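*Asks:* Anchor point for the sequence shown: position 480 equals 480 in my numbering, and the numbering is continuous, going up by one each time.
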Amino acid sequence: MPVLKFNPERIMNLTGLGINALEEALFSLKCETSINNENQLEVEINPDRPDMFIGEGIARAVKGIIGNEIGFKEYDYENTKFKLVNESPFSRPIISAAVIYNVNLDNDFLVELIQFQEKLHEGIGRKRRKVAIGIHDLSKVPSNELKYKDVNIYNKMVPLGSSNYTSIQEILKNTDQGIKYGSISLRGNLHPAFISGDEIISLPPVINSNTTRLDEKTRDLLIDVTGTDPYYVNKTLDIIVSNLAERKDAKIGKVEIVEKENIKYTPFMEKEEKIINPDYVNEILGEKLIGEEIAYHLMRMRYNVSLDNNEIKVIIPPFRADIISDIDLIEDIAMSIGYNIIKPNKPKVMLRGSLTDMTMLKRKIRDIMIGLGFTEIQSLTLVSSRILKDLGEQNYIEVLNPVTNDFDSLRPNLFVSMIMAMKSNVMSSKPVKLFEIGKIVEKVSGKPLDKERISIAIMDESLSYEDIQSVVYSLLKLLNLEFKVLSSSNKFLIKGRSADLIINNKPVGFFGEVNPYILEKFSLEYPIVYGELDLGG
């Protein structure tokens, strides 16, 4: 979980609590606290509460849990003169922006604001791939006319920490931020940029310009949030703005964003509404709370609430991104009550766990295969699309944003994993006898479908169809299964030296001698016989 560092004096001033009471209140909010050697307050905060990644958010939550403030305030907005034209850069086409007046930075808050930005990048931003944040000194923004578009990497800007104009290409190659994040949004010679007047003031998600650098004299802020997902871009901006608006005298300014023929004004500061039933709350918590008590606990957790007969209408504030279902609201009610106050009930019926039919089947198969002299392997469901293409596979599912090209697709069969395992064992003593029980993912009508399968393979100096036939027959007979075989045309196997397995008039697998062209393609010098069977979903 994220660990954030704060000046304890600042947090105590914001909350009005001494250090002991503050730590107790934070513990009620599922936060672990400690004072480090530098006399900083370290707070370990759940990653699903990014609204608490800054002192103002912590203070808002703490004041609620102790009952000093309940519900959330409605923020005032003003229109600004800022107009942003979004030309939708190819790699990250979404942008939202806002102005915050009277933020009035000081050293402690400036350090916290940068920490807040980086923790949002790591969490909700998925290390800047999904969301990136730019924060600018409003007084230093060159123009009220803003653009967000792709620019050529030979364009120049003044990167943060420098006083010289540098090409984007050099920034991506030579700065720490460029090396770390430069590949995320670069497409050929184009990179998205946030432009004011003729100045590039941000290069999302890499670096801001030194032109709009924050300092202790900064009073007003311009914030831009860019990314690939409209919900997370807008929600991230809502979280930032909601926290900055908690500062004394701060005001929110809306920015006009023009996208083709559409005009919108951000931040949206969207609130969601949920209806919750008191009977359901009591059923989950084992309590006997009336509607007014439930409403009060929700308001302590900074929701706005109204009662209507036997239903409770809950307004979820724009800074809460973690509320998905009623259970999330009930968890907050439990925190407000106090886990130490809620008494556990013993279950009326004691149930004993048992193994599923699939687990029992897989255990039995393992015993049989080991008894037949085979060694079990376990491999990843992720494989390389390059290998799948080498095998002639076309109907498989690729992964978005893979960590490495070696694991960028879901395997549609176990054959791809087994052939690579055999390649790794080509120098082992013969025969090499391996089996694997694992998941494959097929694409059916464009949707992924998981299946459990077993693969069996033998590699030796001399092999024939009968070597794999005897193993498959032995396995099926020991499982008491009736089956029949038909001639197979499986592309991995030699035609006339392979068969399809039929059980209950349905094809469930295949076995035979591996086609020599595959052995040659993967530099396998010895023949291989192979079988693969479905075990069900």
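Ideal placement from N, C-alpha and C gives every residue a C-beta, glycine not left out.
No experiment lies behind these values; they were computed from the predicted model shown.
Does the pairing of the segment 478-493 with the segment 514-521 give three or more beta-carbon distances under 8 Å?
*Replies:* Touching, yes.
*Asks:* So Asn7 packs on Asp108, CB below 8 Å; how close in whole Å?
*Replies:* Residue 7 sits at position 7 when you count from the first residue of the sequence shown. Residue 108 sits at position 108 when you count from the first residue of the sequence shown. About 5 Å separates the two Cβ atoms, so the contact holds.
*Asks:* Apart from the five residues just before and just after Ser96, which ones in its own chain have a Cβ nearer than 6 Å to its Cβ?
*Replies:* As a first step, residue 96 is located in the sequence shown; it is residue number 96 there, counting from the start. Taken in chain order, the residues that qualify are Val225, Val233, Asn234, Leu237, Thr266.
*Asks:* Taking Ile594 as part of the alpha helix (DSSP H), name the residues at either end of that continuous run.
*Replies:* Since the first residue of the chain shown is 1 and the last is 537, residue 594 is not available in this structure.
*Asks:* Between Gly227, Met418, Ser196, which has its C-alpha nearest Lys127's C-alpha?
*Replies:* Position 127 of the sequence shown, counting from 1, holds the residue named residue 127. The shortest C-alpha separation from Lys127 is found at Gly227.
*Asks:* Any chance you could list the alpha helix (DSSP H) runs of at least 4 consecutive residues sitting entirely within the segment 407-488, in chain order?
*Replies:* Runs of the alpha helix (DSSP H) inside the segment 407-488: 415-424, 465-478.
*Asks:* Using beta-carbon positions only, say whether Ile207 and Thr175 come within less than 8 Å of one another.
*Replies:* Taking the first residue of the sequence shown as 1, we reach residue 207 at position 207. Taking the first residue of the sequence shown as 1, we reach residue 175 at position 175. For Ile207 and Thr175, yes; Cβs fall inside 8 Å.
*Asks:* What are the uninterrupted segments assigned as alpha helix (DSSP H) that are 4 or more residues long and contained completely in the segment 158-216, given in chain order?
*Replies:* DSSP runs (the alpha helix (DSSP H)) wholly in the segment 158-216: 168-174, 176-181.
*Asks:* State whether the segment 63-73 contacts the segment 373-392, with contact taken as three or more CB pairs (one from each stretch) at a distance under 8 Å.
*Replies:* Short answer: they don't touch.
*Asks:* Unbroken beta strand (DSSP E) runs of length 3 or more, entirely within the segment 9-46: which are they?
*Replies:* Runs found: 32-35, 41-44.
*Asks:* Please state the DSSP three-state secondary structure of Ile58.
*Replies:* For this step, residue 58 is matched to residue 58 along the sequence shown. Note: Ile58 maps to helix in three-state DSSP.
*Asks:* Can Leu42 and Lys5 be called in contact, C-beta distance under 8 Å?
*Replies:* Translated into the one-based positions of the sequence shown, residue 42 becomes position 42. Translated into the one-based positions of the sequence shown, residue 5 becomes position 5. Per the sequence presented here, residue 42 reads as Glu, with Leu not at that position. Going by C-beta atoms, Glu42 is nearer than 8 Å to Lys5.
*Asks:* Taking DSSP's pairing of strands, which residues face Tyr265 in a bridge?
*Replies:* Translated into positions along the sequence shown, residue 265 becomes position 265. DSSP lists Glu256 as partners of Tyr265.
*Asks:* Would you kindly work out how many angstroms separate the C-alpha atoms of Leu382 and Leu519, rounded to a whole number?
*Replies:* Your numbering for residue 382 matches position 382 in the sequence shown. Your numbering for residue 519 matches position 519 in the sequence shown. Each residue's alpha carbon lies about 22 Å from the other.
*Asks:* Quick check on DSSP: helix, strand or coil for Glu270?
*Replies:* Locating residue 270 in the sequence shown gives position 270, where the first residue counts as 1. Glu270 falls in the coil class under three-state DSSP.
*Asks:* Could you tell me which of Glu283, Asp326, Leu222, Lys264 sits nearest to Glu273, measuring between CA atoms?
*Replies:* Residue mapping note: residue 273 aligns to position 273 of the sequence shown, counting from 1. Measuring from the Cα of Glu273, the nearest candidate turns out to be Asp326.
*Asks:* What residue does the beta strand (DSSP E) around Arg49 start on, and which one ends it?
*Replies:* Here the question's residue 49 lines up with position 49 in the sequence shown. Note, Arg49: premise wrong, no beta strand (DSSP E); not H, not E.
*Asks:* Within 10 Å of its beta-carbon, does Gly134 have 16 or more other beta-carbons around it, so buried, or fewer, so exposed?
*Replies:* Taking the first residue of the sequence shown as 1, we reach residue 134 at position 134. Buried, by the Cβ-count rule.
*Asks:* When we look at the beta-carbon of Lys260 and count the other beta-carbons within 10 Å, is it buried (16 or more) or exposed?
*Replies:* Start at 1 with the first residue of the sequence shown, and residue 260 comes out as number 260. Lys260 is exposed by the Cβ-count criterion.
*Asks:* Taking a contact to mean a Cβ-Cβ separation below 8 Å, would you say Lys439 touches Lys451 in this structure?
*Replies:* Start at 1 with the first residue of the sequence shown, and residue 439 comes out as number 439. Start at 1 with the first residue of the sequence shown, and residue 451 comes out as number 451. In this structure, Lys451 lies closer than 8 Å to Lys439 by Cβ.
*Asks:* Output the distance between the C-alpha atoms of Ile294 and Val305, rounded to the nearest integer angstrom.
*Replies:* What you label residue 294 is simply residue 294 of the sequence shown in a count that begins at 1. What you label residue 305 is simply residue 305 of the sequence shown in a count that begins at 1. Their backbone Cα atoms lie some 10 Å apart in a straight line.
*Asks:* Check the DSSP bridge columns for Tyr101 and list the partner residues they point to.
*Replies:* Reading the sequence shown from its first residue, position 101 is the one you call residue 101. Beta-bridge pairing links Tyr101 to Lys251.
*Asks:* Sort Ser162, Ala98, Phe53 by Cα distance to Glu118 and report the nearest one.
*Replies:* One-based indexing of the sequence shown puts residue 118 at position 118. The residue with the shortest Cα to Cα distance from Glu118 is Phe53.
*Asks:* If you pair each beta-carbon of the segment 137-149 with each one of the segment 168-184, do three or more pairs fall below 8 Å?
*Replies:* No, they do not touch.
*Asks:* Given a threshold of 16 other Cβ atoms within 10 Å of its Cβ, counted over all protein chains shown, does Gly55 qualify as buried or as exposed?
*Replies:* Residue 55 sits at position 55 when you count from the first residue of the sequence shown. Answer is buried; the Cβ neighbour count reaches 16.
*Asks:* Please state if the CB of Phe415 and the CB of Tyr526 are separated by a distance shorter than 8 Å.
*Replies:* In the sequence shown, counting from the first residue as 1, residue 526 sits at position 526. In the sequence shown, counting from the first residue as 1, residue 415 sits at position 415. No.
*Asks:* Between the C-alpha atoms of Met12 and Val241, what's the straight-line distance to the nearest angstrom?
*Replies:* Translated into positions along the sequence shown, residue 12 becomes position 12. Translated into positions along the sequence shown, residue 241 becomes position 241. If you take the alpha carbons of Met12 and Val241, they lie about 22 Å apart.
*Asks:* Between which two residues does the beta strand (DSSP E) holding Ile494 run?
*Replies:* In the sequence shown, residue 494 corresponds to position 494, counting from 1. Per DSSP, Ile494 belongs to the beta strand (DSSP E) from 493-503.
*Asks:* For Ser306, name the three-state secondary structure that DSSP assigns.
*Replies:* The residue you call residue 306 lines up with position 306 of the sequence shown. Of the three classes helix, strand and coil, the one that applies to Ser306 here is strand, per DSSP.
*Asks:* For Lys532 versus Asn425, is the C-beta distance shorter than 8 Å?
*Replies:* Translated into the one-based positions of the sequence shown, residue 532 becomes position 532. Translated into the one-based positions of the sequence shown, residue 425 becomes position 425. Checking the displayed sequence, the identity of residue 532 turns out to be Glu instead of Lys. Not closer than 8 Å, so no.
*Asks:* Closest to Leu478 by CA distance: which of Tyr75, Lys364, Ile330 is it?
*Replies:* Counted from its first residue, the sequence shown places residue 478 at position 478. It is Lys364.
*Asks:* Hey, is the segment 342-350 in contact with the segment 306-321, meaning 3+ C-beta pairs nearer than 8 Å?
*Replies:* Touching, no, given that fewer than three Cβ pairs across the two stretches are closer than 8 Å.
*Asks:* Under 8 Å, do Ala250 and Ile124 count as touching if we go by C-beta distance?
*Replies:* Position 250 of the sequence shown, counted from the start, is the residue given in the question as residue 250. Position 124 of the sequence shown, counted from the start, is the residue given in the question as residue 124. Not closer than 8 Å, so no.
*Asks:* Since Phe407 and Ser429 should fall inside the 8 Å C-beta cutoff, what is the C-beta to C-beta distance between them, to a whole number of angstroms?
*Replies:* For this step, residue 407 is matched to residue 407 along the sequence shown. For this step, residue 429 is matched to residue 429 along the sequence shown. Wrong, their Cβ atoms sit about 30 Å apart, outside the cutoff.
*Asks:* Between Leu380 and chain B, is any beta-carbon pair separated by less than 8 Å?
*Replies:* No chain B appears in the structure shown, which is made up of a single protein chain.
*Asks:* Pull up the distance between the alpha-carbon of Glu538 and that of Asn395, whole angstroms please.
*Replies:* Nothing can be reported for residue 538: it is not among the residues displayed for the chain, which extend from 1 to 537.
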